[in-house]
Amino acid sequence: MRSAAAAAAPVAATDPQLLAAAVEAAIASRSPRLGRAAHARAIRLLAPAIPPFIRAHLVNLYSKLDLPGPAAAALASDPSPTVVSYTAFISGAAKHGRPAPALSAFAAMLRLGLRPNDFTFPSAFKAAAIAPPSSAIGPQVHSLALRFGYLPDDAFVSCAALDMYFKTGRLALARRLFEEMPNRNVVAWNAVMTNALLDGRPLETVEAYFGLREAGGMPNVVSVCAFFNACAGATYLSLGEQFHGFVVKCGLERDVSVSNSMVDFYGKCRCVGKAKVVFDGMGVRNSVSWCCMVVAYAQNGGEEEAFSVYLRARRAGEEPTDFMVSSVLTTCAGLLGLDLGRALHAVAVRSCIDANIFVASALVDMYGKCGGIEDAEQVFFEMPQRNLVTWNAMVGGYAHIGDARNALAVFDDMIKCGETAPNYITLVNVLAACSRGGLTKEGYELFKTMNDRFGIKPQIEHYACVVDLLGRAGMEEQAYEIIQGMPMRPSISVWGALLGACKMHGKTELGKIAAEKLFELDPQDSGNHVLLSNMFASAGRWAEATDVRKEMKNVGIKKEPGRSWITWKNVVHVFQAKDTKHEMNNEIQALLAKLKSQLQAAGYMPDTQYALYDLEEEEKESEVFQHSEKLALAFGLICIPPGVPIRIMKNLRICVDCHRAFKFISGIVGREIIVRDNNRFHHFKSYKCSCKDYW
DNA sequence: CTAGGGTTAG
445 MRSAAAAAAP
455 VAATDPQLLA
465 AAVEAAIASR
475 SPRLGRAAHA
485 RAIRLLAPAI
495 PPFIRAHLVN
505 LYSKLDLPGP
515 AAAALASDPS
525 PTVVSYTAFI
535 SGAAKHGRPA
545 PALSAFAAML
555 RLGLRPNDFT
565 FPSAFKAAAI
575 APPSSAIGPQ
585 VHSLALRFGY
595 LPDDAFVSCA
605 ALDMYFKTGR
615 LALARRLFEE
625 MPNRNVVAWN
635 AVMTNALLDG
645 RPLETVEAYF
655 GLREAGGMPN
665 VVSVCAFFNA
675 CAGATYLSLG
685 EQFHGFVVKC
695 GLERDVSVSN
705 SMVDFYGKCR
715 CVGKAKVVFD
725 GMGVRNSVSW
735 CCMVVAYAQN
745 GGEEEAFSVY
755 LRARRAGEEP
765 TDFMVSSVLT
775 TCAGLLGLDL
785 GRALHAVAVR
795 SCIDANIFVA
805 SALVDMYGKC
815 GGIEDAEQVF
825 FEMPQRNLVT
835 WNAMVGGYAH
845 IGDARNALAV
855 FDDMIKCGET
865 APNYITLVNV
875 LAACSRGGLT
885 KEGYELFKTM
895 NDRFGIKPQI
905 EHYACVVDLL
915 GRAGMEEQAY
925 EIIQGMPMRP
935 SISVWGALLG
945 ACKMHGKTEL
955 GKIAAEKLFE
965 LDPQDSGNHV
975 LLSNMFASAG
985 RWAEATDVRK
995 EMKNVGIKKE
1005 PGRSWITWKN
1015 VVHVFQAKDT
1025 KHEMNNEIQA
1035 LLAKLKSQLQ
1045 AAGYMPDTQY
1055 ALYDLEEEEK
1065 ESEVFQHSEK
1075 LALAFGLICI
1085 PPGVPIRIMK
1095 NLRICVDCHR
1105 AFKFISGIVG
1115 REIIVRDNNR
1125 FHHFKSYKCS
1135 CKDYW
């Protein structure tokens, strides 16, 4: 901020030194506006005789601020450009990911007979490293550097060449250059370490580090970051912990980037506590530090903590960056916090980062997961560019609400557009959409042809989807055959899908088989036991239902209590079945009684098949009328004004009777009701649900 | 006045 103020201060004299200082300040402020002002001042005060070094300053100014047009104009308007102006231009263009202008400027200076120096070559290599790898530009720059005598002796030039060979995928050439380097410094080792990381070979990063140490070298900040990064990627927890000790001894942990990479490392190794210790101990933090801490919580099930770290960052004066907003949005998706997500969308718009592809994709994902499909569509259709993750998020959004038609349509668009090939996640989402939307034939066809059409072999998740798909449609036996023909061991989700289907269609015997497999794979899970017990109960096989319950008790498995919650005026109201503790219990009970008679008048019959024990019908009826989701709905109907959709969350699947009742209630009282359970969304409107009773 | 290797996200 100080530098911005300096740049804004008027330059009174035509003193070139003062002007140069103003240009430096404009660069530091990273503000194109101040940069243009500095340029205008230079032209006004010094034209027509601008000293050569000021011209180089101006080229540098525009290049550093990433204003390619003005930078090129400033260079072109210079009657006698120097190596320095050209190098500044090349450097800026390379830094901002514009290899083409950088390399053509390099060619232009050669044509003018200007001799590239030891500053020029590193920037030229940097540009060559990000040029299309098919072009042979990198080796050409290499031979020039040889001819001008900067290779192999100049350390800066050779390190830049090394990095270029790695980044353009010429591994053999890179390794040979590395072997032949006479001055193999830390930066050379770092280039090996970081490029191994980029190519997904963390073990090689660690090995290169030990190579550096054996050669008697000392790691610097970059080496340390790369090492932690490798440990994070490969979850080498104890190696990273040992390294942490060493880093502290060297005093390198005082560097912000090093500490950031430690926070990230501990987070990725599922040690949020240790991440927090590092974060709390940091004397200086930057926006990346806050972001690493948010991500550490978010990726370890600490959505609330992640969000509160974000709020702390904002209070500490951090601007919301694209990194931060996209990270926090995933926590909103996890919390199902549509309101929080909307608020973040507004933040993104205000900070002009809502079109960033990461942010926009995160928005599509968040809206899709939080039940705001129209908002997801709007973001999706308005974004300037899309990539694989964006498409997957949109298809996934449709899958969540079971809109198979639109999921298939978007998938079709993706294929037709031809820029992005689908991956296995895309196909999981499409199959899941078909399954939930009841497009059995289309889904099954896609499953059978996905390898031929897209070169994606069905993996375990695809099998789980297709078992679900067939199972929901009442083809449990066919699903079972597919399971038996699987080339890999069926997972929990595969057997779970079969069990769910058997429960849905009362295929008790096959369900028993699936349940037993599940008990083997995950003996502590309560959900499967409950499902099997309920299945016996609905078949009237009460003795077996009770046996399963007893077994659960013996093994010490507790059923997770069903909970539903609803947010009203920023307060979360949580309900459990038969809950009477809520402050508005009397009003809730009164409304439920009234609804019950309205429902019966409308032709609703309670579905008591899943009431847990062998009770008399009437008792079962009152039992299902105290389910947590019904209590939450009654509360919502009392508090939330007409016209506003009522959004309810549940930690387990919505119960069959509640589902039936909600359809009636949505029609009787003319309200939109949206239930998000642990499986999917249900949109109730005018006696119907978006799932078409197929879930 | 110009230079190499770097931390965070969907």
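So the first sequence is numbered by this note's numbering: it starts at 445 and just counts up by one. Ideal placement from N, C-alpha and C gives every residue a C-beta, glycine not left out. Note that the coordinates shown come from a computational prediction; the quantities given were computed from them, not determined experimentally.
Cβ-Cβ distances below 7 Å link Arg542 to Pro512 in the same chain, with the five nearest sequence neighbours on each side left out; the list follows chain order.
DSSP places Val585 in no beta strand (DSSP E) but in the uninterrupted alpha helix (DSSP H) bounded by 581 to 591.
For Thr531, the enclosing alpha helix (DSSP H) begins and ends at 527 to 539.
Looking at Ile1082, Pro828, Arg993, Glu1065, the one whose alpha-carbon comes closest to that of Ala1034 is Ile1082.
In the displayed model, Ser1110 falls within a helix according to three-state DSSP.
DSSP places Gln1020 within a strand segment (E or B) once states are collapsed to three.
Assignment of Ser578 by DSSP, reduced to helix, strand and coil, places it in the coil class.
Under the DSSP assignment, Met662 falls outside any alpha helix (DSSP H); it carries neither an H nor an E label. In the assembly as shown, Ser567 is a buried residue. Its beta-carbon has 16 or more other beta-carbons within 10 Å.
Taking C-alpha positions only, Glu886 is separated from Gly812 by approximately 22 Å.
With fewer than 16 other CB atoms across the displayed protein chains lying within 10 angstroms of its CB, Phe825 is exposed. Leu641 and Gly677 do touch by the CB rule: their CB atoms are close to 7 Å apart, below 8 Å. Taken in chain order, the complete alpha helix (DSSP H) segments of 4 residues or longer contained in the segment 1064 to 1116 are 1072 to 1083, 1100 to 1112. Scanning its chain for C-beta atoms nearer than 8 Å, with the 5 sequence neighbours on each side dropped, one finds around Thr834 the residues Ile801, Ala804, Ser805, Val808, Phe824, Met827, in chain order. The beta carbons of Cys861 and Met810 sit no closer together than 8 Å. The DSSP assignment places complete alpha helix (DSSP H) segments of no fewer than 4 residues inside the segment 779 to 821 at 782 to 794, 801 to 813, in order along the chain. Between Arg880 and Ala848, the gap from beta carbon to beta carbon is short of 8 Å. Ile1010 has His1017 as its beta-bridge partners, per DSSP. About 20 Å separates the CB atoms of Ala616 and Val601; that is not less than 8 Å, and the two are not in contact.
By the CB criterion at 8 Å, Phe1019 and Trp1009 fall inside the cutoff. In terms of Cβ geometry, Ala618 and Trp633 do not form a close pair [threshold 8 Å].
The C-beta distance from Ser970 to Lys1022 rounds to 19 Å, too long to fall under 8 Å, and the pair is not in contact. With contacts defined as CB atoms closer than 8 Å, Ala575 and Leu595 fail to qualify as a contacting pair. Under the criterion of beta carbons closer than 8 Å, Val707 and Met737 qualify as touching, at roughly 6 Å. Here DSSP, grouped into helix, strand and coil, assigns His949 to helix. Non-local C-beta neighbours of Ala941 in its own chain, meaning closer than 7 Å and more than five positions away in sequence, comprise Ala908, Val911, Asp912, Gly915, ordered along the chain. Going by DSSP, Lys1136 is part of no beta strand (DSSP E) at all; its letter is neither H nor E. Using a Cβ-Cβ distance cut-off of 8 Å, the segment 1113 to 1123 and the segment 865 to 872 are not in contact, since fewer than three pairs of beta carbons, one from each stretch, lie closer than that value. The beta strand (DSSP E) runs of length 3 or more contained entirely in the segment 826 to 884 do not exist; there are none.
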